[in-house]
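Asker: Once you know that position 38 of the sequence shown is 38 in full-length UniProt numbering, the rest is easy, because the numbers rise by one and skip nothing. We treat Cβ as the ideally placed atom computed from N, Cα and C, and that holds for glycine.
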Amino acid sequence: MRVLARLAALFAMIAALAAPALAQSGSPLVVTVTDGNVDPFPIAITDFIAQDAQSAETGADIARVVTNNLANSGLFAPVSQDAFIEDITNIDLRPRFADWRIINASALLVGRVSIDEQGRLLVAFRLWDTAAEQQILGMQFTSVPENWRRLAHKVSDAVYERLTGESGFFDTRIVYVSEGDGPNGEPTRRLVIMDQDGANPSFLTDRSYMALLPNYSPTSQQITYVSFRDLQATSYLYDLQTGRQEALFDSSNAAITGGGQSLSARFHPNGRELVMSVERRGRHDLYGFDLRTRALRQLTSNPSDDTEPTYSPDGRQIAFASNRSGQPQIYVMNADGTDQRRISFGPGRYTSPVWSPRGDLIAFIKQQGSMFSLGVMRADGTGEERILYDGYFVDTPAWSPNGRMLLFTRGDYSATGTRYSIWSVDLGGFNLRRLPTQGAASDAAWSPLLD
Numbered sequence: 001m002r003v004l005a006r007l008a009a010l011f012a013m014i015a016a017l018a019a020p021a022l023a024q025s026g027s028p029l030v031v032t033v034t035d036g037n038v039d040p041f042p043i044a045i046t047d048f049i050a051q052d053a054q055s056a057e058t059g060a061d062i063a064r065v066v067t068n069n070l071a072n073s074g075l076f077a078p079v080s081q082d083a084f085i086e087d088i089t090n091i092d093l094r095p096r097f098a099d100w101r102i103i104n105a106s107a108l109l110v111g112r113v114s115i116d117e118q119g120r121l122l123v124a125f126r127l128w129d130t131a132a133e134q135q136i137l138g139m140q141f142t143s144v145p146e147n148w149r150r151l152a153h154k155v156s157d158a159v160y161e162r163l164t165g166e167s168g169f170f171d172t173r174i175v176y177v178s179e180g181d182g183p184n185g186e187p188t189r190r191l192v193i194m195d196q197d198g199a200n201p202s203f204l205t206d207r208s209y210m211a212l213l214p215n216y217s218p219t220s221q222q223i224t225y226v227s228f229r230d231l232q233a234t235s236y237l238y239d240l241q242t243g244r245q246e247a248l249f250d251s252s253n254a255a256i257t258g259g260g261q262s263l264s265a266r267f268h269p270n271g272r273e274l275v276m277s278v279e280r281r282g283r284h285d286l287y288g289f290d291l292r293t294r295a296l297r298q299l300t301s302n303p304s305d306d307t308e309p310t311y312s313p314d315g316r317q318i319a320f321a322s323n324r325s326g327q328p329q330i331y332v333m334n335a336d337g338t339d340q341r342r343i344s345f346g347p348g349r350y351t352s353p354v355w356s357p358r359g360d361l362i363a364f365i366k367q368q369g370s371m372f373s374l375g376v377m378r379a380d381g382t383g384e385e386r387i388l389y390d391g392y393f394v395d396t397p398a399w400s401p402n403g404r405m406l407l408f409t410r411g412d413y414s415a416t417g418t419r420y421s422i423w424s425v426d427l428g429g430f431n432l433r434r435l436p437t438q439g440a441a442s443d444a445a446w447s448p449l450l451d
């Protein structure tokens, strides 16, 4: 079952301003990103300087968050501050580049924090290529002081994008299911929302009902999830701004669905439609659902079960799992239900397809005997599958918004039963990392980049 939660106050919108004094200059410096393992790129990150003690603490905190973000991506190797030779006291002066090259820092990030006359926090930074001795990025961000972590994530995204050529994924949030025990020892499942690095966790649902399988809208303002409040699986819509929750099916359309379960609702890229698996007359078919008109539109009609639908990034196709061939396999069809075709043909059971934000790959879970695997395949089914992780139990993959990382639920056997946690791995199968969550956790959903 899943958990109590009160709505976390969302961060105020940040105005990102290009600073005229921090104009960019060109440089060939770039991190080469491939699907395989890469040597992490060495970068030095100084504490962001300030003029008073309170701001100095914030500047050090921002540098720490940026350092952790870049290190956790697996693409960067921040140089220890203990090795620094030059003490940066003014980011408007050119650094002594030789001092940074001698400690093998290929890039140098320096910054400044200050409070303006309106009481807003201003964070400015420069990114330098130490070999070419050129500035390659300069920006500033402004927000209320309480949003310093959000600004640190935006700095991280800007540096990541400049050095890799890909968009970052640090200014994002993750919703997951917290697993625990209630007052009488009964299992509970509650939705929790947090920053992508585990900070600022807050419960969204309470112990009075189970909440499972959350999924984000394209705007990050809504999620869908499955609840058992009415003693059967029902898809719900949760507005993260208002805290309003509503069942996607009510008495007016119960006759259409036969009163059955509705599962795995996922948003269309336009944010106005959903696709979900609905039980009717003992089997699961896929339906489109218009959030404005509340109209259902049947997309599949097969004697077997069709489940776990996911839209392609352009909204033109849907991947789903079906046991119509005897055991679950991955299928793809047009968004209107036409041209249904199987794309997985390996041994084992294929479930949990999730389309990459890039559109080129579909993540899946594969089970052979007692072994579970997280893998990816091309969206048209051609080419070899790439297995990223094998384990005792693996489930519920979720992509980072740039398509570079995957979250998944991992179950590990113990004497007291299976213990569930959320892990991330990159597309090469490297940089395996456990997410910091409060207790046992599963069913993660990764938001798009926040506005």
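Who are the Cβ neighbours of Ala63 in its own chain at under 6 Å, not counting the five residues just before and after it?
Answerer: Same-chain partners within the cutoff: Ile45, Asp47 and Phe48.
Asker: Measure the alpha-carbon distance for Ser251 versus Ser262 and round it to whole angstroms.
Answerer: Summary for Ser251: the model assigns pLDDT 44, below 50, so the residue's position carries little reliability; its value from the coordinates is reported in the next sentence. Their backbone Cα atoms lie some 14 Å apart in a straight line.
Asker: Could you check what DSSP says for Arg434 in three-state terms: helix, strand or coil?
Answerer: Arg434 falls in the strand class under three-state DSSP.
Asker: Nearest-angstrom Cα distance between Glu133 and Asn431?
Answerer: Each residue's alpha carbon lies about 31 Å from the other.
Asker: Would a C-beta distance cut-off of 9 Å place Thr219 and Tyr236 closer than the cut-off?
Answerer: No, the Cβ-Cβ distance between Thr219 and Tyr236 is not below 9 Å.
Asker: Among Gly180, Asn69, Leu109 and Val30, which has the Cα closest to the Cα of Ser442?
Answerer: Checked all of Gly180, Asn69, Leu109 and Val30; the closest Cα to Ser442 is Gly180.
Asker: Would Ser400 be called buried (16 or more neighbouring beta carbons within 10 Å of its own) or exposed?
Answerer: Classification for Ser400: buried.
Asker: Can you find at least 3 beta carbon pairs, one from the segment 101-111 and one from the segment 74-91, that sit closer than 8 Å?
Answerer: Yes: the two stretches touch, three or more of their Cβ pairs being nearer than 8 Å.
Asker: Roughly how many angstroms lie between the CA atoms of Ile422 and Ser178, to the nearest whole one?
Answerer: Cα to Cα, the separation comes out at about 10 Å.
Asker: Compute the distance between the beta-carbons of Tyr311 and Arg297, then report whether it is under 9 Å.
Answerer: Contact flag unset, no.
Asker: Which runs of the beta strand (DSSP E) spanning at least 3 residues fall entirely within the segment 86-162, listed in chain order?
Answerer: DSSP runs (the beta strand (DSSP E)) wholly in the segment 86-162: 107-115, 121-129 and 134-143.
Asker: When you compare the CB positions of Ala398 and Ala444, do they come within less than 9 Å of one another, or not?
Answerer: Going by C-beta atoms, Ala398 is nearer than 9 Å to Ala444.
Asker: Candidates Ile193, Leu388, Thr188 and Arg149: which alpha carbon is nearest Arg207's?
Answerer: Checked all of Ile193, Leu388, Thr188 and Arg149; the closest Cα to Arg207 is Thr188.
Asker: Below 9 Å between beta carbons: does that hold for Thr305 and Arg283?
Answerer: In the sequence under discussion, the amino acid at residue 305 is Asp, which differs from the Thr named in the question. Yes, the Cβ-Cβ distance between Asp305 and Arg283 is below 9 Å.
Asker: From Leu406, Gly111, Val332 and Pro436, pick the residue whose C-alpha is nearest to that of Asp92; which is it?
Answerer: The shortest C-alpha separation from Asp92 is found at Gly111.
Asker: Label Arg434 either buried or exposed according to how many other C-beta atoms from any shown protein chain fall within 10 Å of its C-beta, with 16 as the threshold for buried.
Answerer: Arg434 should be labelled exposed.
Asker: Note down the Cα distance separating Arg349 from Pro328, rounded to an integer number of angstroms.
Answerer: Roughly 5 Å between the two C-alpha positions.
Asker: For residue 459, which three-state DSSP category applies?
Answerer: With the chain running from 1 to 451 in the structure shown, residue 459 is simply not present.
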